[in-house]
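Worksheet: one structure, shown below.
Residue numbers (the numbering used here), protein chains in the order written: chain H, 1 to 307; chain C, 308 to 678.
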């Protein structure tokens, strides 16, 4: 799963920490990796179906990406280049910790550049740059069950999936529209995969949902604490649930990024003083840096002032 | 001016170093040794080993030291280490009737074969702070018994069984039992899965659930039929030998709860069991486990599920403190993106409702200022 031109070193690779002695390559033993790979294969064969697996305790806490880490550990090879993002950024604590973990236990090359990575582990975002068929996107998933907020019992939700009994989900969305005039779910917006299973896209903003549809890259989802793996194979139909008269729509901003000027990326809002003034910046830090390099003028605030 | 969120890498490193310094504390005070922890904080180790599902006193002591005495953190450390250990096989099942007893009490019979053996326990102490311990007081040697403990120490439930008063405990079939550490839990869970889950479940959680049944939330009065604690040798049959060899000795605590059962159309009235077992000396945990085990048999015994402690999915899905601690605390991770999405949605909803800004609820400080 490594990209072809291995000779060309990743220009933006981050510092690789010393390799930890006494542990297996990428921490997990081969038996465990084999078990996880089998779960992944099953997940790819049944798009959107949640495959139970014998999730292990990892040296990072449950809820902090252990599902994604176990998938990455099972698919990564010595030639792979890994990128890890949290909230779109490479330098948040969670992303740094996971990147260092693989640096330490696998000694593999890491990068911040989306285009250079062969495996991208993510929490809560899909990179702005389109992904290619040579890449794998690994999502960290807290609650894999899209029906959980409507039905707490696993024994019930598994039956509902088996029978494709999804009426309750549509009723939920309908009630939402009846109350508020619109669907108020803004992230973790449910999707239907390959016209069959309803799936949680993990808590990505609904802004990212359209990127999942027919994505050339393989998308793998790992929920460590809940012990589930699911997948969307490359070029698979992923549809966000909606109604004909209330079509699915994504967030938009009147502002554009104060650093790179992008008007079509997902923006985070940053409070910059006591008055509550704010500026908007791209959540995808790598995308923003690349866009900034393209423009000559410095960043500007929403009031037009150059910083 | 906007400061780009950079430098996380070195901030993390500094945080780790600060933690190490705080762990060590004042360098003028002697550093704790693992020996000291193993010898003098043995009940901490027992809890850590039980909930980490790994019996190794030295590693448990290391985990307690590394976690600055935070036992849930220590359990997590040991569990994560456990993941890396190869599995050689399964030991021969232990026979608790044969353990070397250090403590054995029954609350259902005044006397019984083998007698009541109090052993070491807080139960008979007055909870008065002992200031002599603060002054490094020497401890007088405990008196030695005249004779050895009776070798014949049958389990109380076996005695009841002779009369048919308590349900028969039947062995599962010969199939490999479900292994919670290798497979994900399925519902309905069978008894091996349930007991494994409870054995490594958080002591506080099980204690509260057990307590709730005693207060009427799924009441089923339990009697502590027997609690026994002592040592057992562990045997293993290597393939190349074909016979069992002793590979070590562990301390365990076992609790057999005896509960009422009115009987049903098929079964006459008899007592039912709740079972608790734990590594180390861990009576609070095993008693709570025994009560919760019985509460979770509600469906199997055709009783009405009405309380949280009787709800299998509720109990078994939330008993693990490594999972619970991780997920509760993951809220410390950044949620900028989700929160931004919510901001966009709430603003849009408010825009649609055309809210007059004067109607916005004022902060308390503002209200106080105007009043």
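Where is the CB? At the ideal position from N, CA and C, for every residue including glycine.
{"Asked": "Give a yes or no on whether 7 Å exceeds the smallest Cβ distance from residue 46 of chain H to chain C.", "Found": "no"}
{"Asked": "Against chain H, with Cβ distances strictly below 7 Å, would residue 640 of chain C count as a contact?", "Found": "yes"}
{"Asked": "Ignore the nearest five residues each way along the sequence and tell me which others in residue 233 of chain H's own chain have a CB closer than 7 Å to its CB.", "Found": "44, 47, 218"}
{"Asked": "Quick check on the DSSP output: what are the complete beta strand (DSSP E) runs of length 3 or more inside the segment 519-546 of chain C, in order along the chain?", "Found": "529-543"}
{"Asked": "Can you look up residue 205 of chain H in the DSSP assignment and give me helix, strand or coil?", "Found": "strand"}
{"Asked": "DSSP beta-bridge partners for residue 52 of chain H?", "Found": "H:228"}
{"Asked": "For residue 236 of chain H, which residues in the same chain have their Cβ closer than 6 Å to its Cβ, ignoring the five residues on either side in sequence?", "Found": "47, 194"}
{"Asked": "Please report whether the beta-carbon of residue 345 of chain C lies at a distance below 7 Å from any beta-carbon of chain H.", "Found": "no"}
{"Asked": "Between the beta-carbon of residue 73 of chain H and the beta-carbon of residue 28 of chain H, is there less than 7 Å?", "Found": "yes"}
{"Asked": "Would residue 38 of chain H count as contacting chain C if we go by Cβ distances under 7 Å?", "Found": "no"}
{"Asked": "Going by beta-carbon coordinates alone, are residue 117 of chain H and residue 76 of chain H separated by less than 7 Å?", "Found": "no"}
{"Asked": "Pop quiz: residue 681 of chain C and residue 266 of chain H are said to be a contact at Cβ under 8 Å. What is the actual Cβ separation, rounded to whole angstroms?", "Found": "The first residue shown for chain C is 308 and the last is 678, placing residue 681 of chain C beyond what the model contains."}
{"Asked": "If you measure beta-carbon to beta-carbon, which residues of the segment 121-141 of chain H are closer than 8 Å to chain C?", "Found": "123, 124, 125"}
{"Asked": "Using DSSP bridges, identify the partner residues of residue 585 of chain C.", "Found": "C:560"}
{"Asked": "Determine, using beta carbons only, whether residue 30 of chain H comes closer than 7 Å to chain C.", "Found": "no"}
{"Asked": "Is the number of C-beta pairs between the segment 64-73 of chain H and the segment 617-631 of chain C that are closer than 8 Å three or more?", "Found": "no"}
{"Asked": "Run through DSSP, which three-state label would residue 248 of chain H get?", "Found": "coil"}
{"Asked": "Can you tell me the Cα-Cα spacing of residue 51 of chain H and residue 157 of chain H, whole angstroms?", "Found": "13 Å"}
{"Asked": "Listing by chain order, which chain C residues have their CB less than 7 Å from the CB of residue 87 of chain H?", "Found": "641, 643, 644"}
{"Asked": "Residues of chain C with CB under 9 Å from residue 107 of chain H, in chain order?", "Found": "By Cβ distance, chain C contributes nothing, its closest Cβ being about 17 Å from residue 107 of chain H, past 9 Å."}
{"Asked": "With residue 495 of chain C and residue 484 of chain C assumed to form a contact (beta carbons below 8 Å), what rounded beta-carbon distance in angstroms separates them?", "Found": "That pair is no contact at about 16 Å."}
{"Asked": "Taking 7 Å as the CB-CB cut-off, is residue 187 of chain H touching chain C?", "Found": "yes"}
{"Asked": "Using the Cβ count rule (16 or more neighbours within 10 Å means buried), how would you classify residue 659 of chain C?", "Found": "exposed"}
{"Asked": "Taking 7 Å as the cut-off, decide whether the C-beta atoms of residue 239 of chain H and residue 192 of chain H are in contact.", "Found": "yes"}
{"Asked": "Drop a sphere of 10 angstroms on the beta-carbon of residue 188 of chain H, count the other beta-carbons inside from all chains shown, and report buried for 16 or more, exposed for fewer.", "Found": "buried"}
{"Asked": "Could one say the Cβ of residue 491 of chain C lies closer than 7 Å to chain H's Cβ atoms, at least one of them?", "Found": "yes"}
{"Asked": "Which of the three DSSP states, helix, strand or coil, is assigned to residue 365 of chain C?", "Found": "helix"}
{"Asked": "Please list the partners that residue 184 of chain H has in chain C, where partner means a Cβ-to-Cβ separation under 8 Å.", "Found": "652, 656"}
{"Asked": "Around the C-beta of residue 606 of chain C, are 16 or more other C-beta atoms found within 10 angstroms, so that it is buried, or is it exposed?", "Found": "exposed"}
{"Asked": "Given a cut-off of 7 Å, decide if residue 578 of chain C and residue 412 of chain C are closer than it, judged by their beta-carbon atoms.", "Found": "no"}
{"Asked": "Quick check on DSSP: helix, strand or coil for residue 553 of chain C?", "Found": "strand"}
{"Asked": "Spell out the partners DSSP gives residue 269 of chain H in its beta bridges.", "Found": "H:280"}
{"Asked": "Any chance you could list the alpha helix (DSSP H) runs of at least 4 consecutive residues sitting entirely within the segment 98-123 of chain H, in chain order?", "Found": "none"}
{"Asked": "Where do the ends of the beta strand (DSSP E) carrying residue 347 of chain C lie?", "Found": "Counting along the chain, residue 347 of chain C falls outside any beta strand (DSSP E), though it belongs to the alpha helix (DSSP H) covering 341-347."}
{"Asked": "Output the distance between the C-alpha atoms of residue 310 of chain H and residue 533 of chain C, rounded to the nearest integer angstrom.", "Found": "Residue numbering for chain H in the displayed model covers 1 to 307; residue 310 of chain H lies beyond these limits and cannot be assessed."}
{"Asked": "DSSP three-state call for residue 566 of chain C: helix, strand or coil?", "Found": "strand"}
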